[in-house]
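Heads up, the final residue of the sequence shown is numbered 35 in UniProt numbering, and it's a clean run with no missing numbers.
Think of the CB as a built atom: it goes at the ideal place given N, C-alpha and C, for glycine as much as any other residue.
Take a look at the structure set out below.
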Amino acid sequence: MAKQEGVTEALNATDQMEWVCRKNSIHSRAEVIYA
1 MAKQEGVTEA LNATDQMEWV CRKNSIHSRA EVIYA
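Listed below in structure tokens is the structure:
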């Protein structure tokens, strides 16, 4: 999911807050899918 949405280490290096927000969003959606 992260790869498809462009959430990369490069994004982490340039905009850490955006990276964290996107990672949290992906994590939340994954929990719903696999719960």
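Report the CB separation of Glu9 from Arg22 in whole angstroms; it is logged as a contact under 8 angstroms. The pair is not a contact, with the Cβ atoms about 12 angstroms apart (cut-off 8 angstroms).
Could you check whether the Cβ of Arg29 sits closer than 6 angstroms to any heavy atom belonging to the ligand ZN? Among the components of this structure there are no ligands whatsoever, and the ligand ZN is therefore not found.
Do Ile26 and Met1 have their beta-carbon atoms positioned less than 7 angstroms apart in this structure? yes
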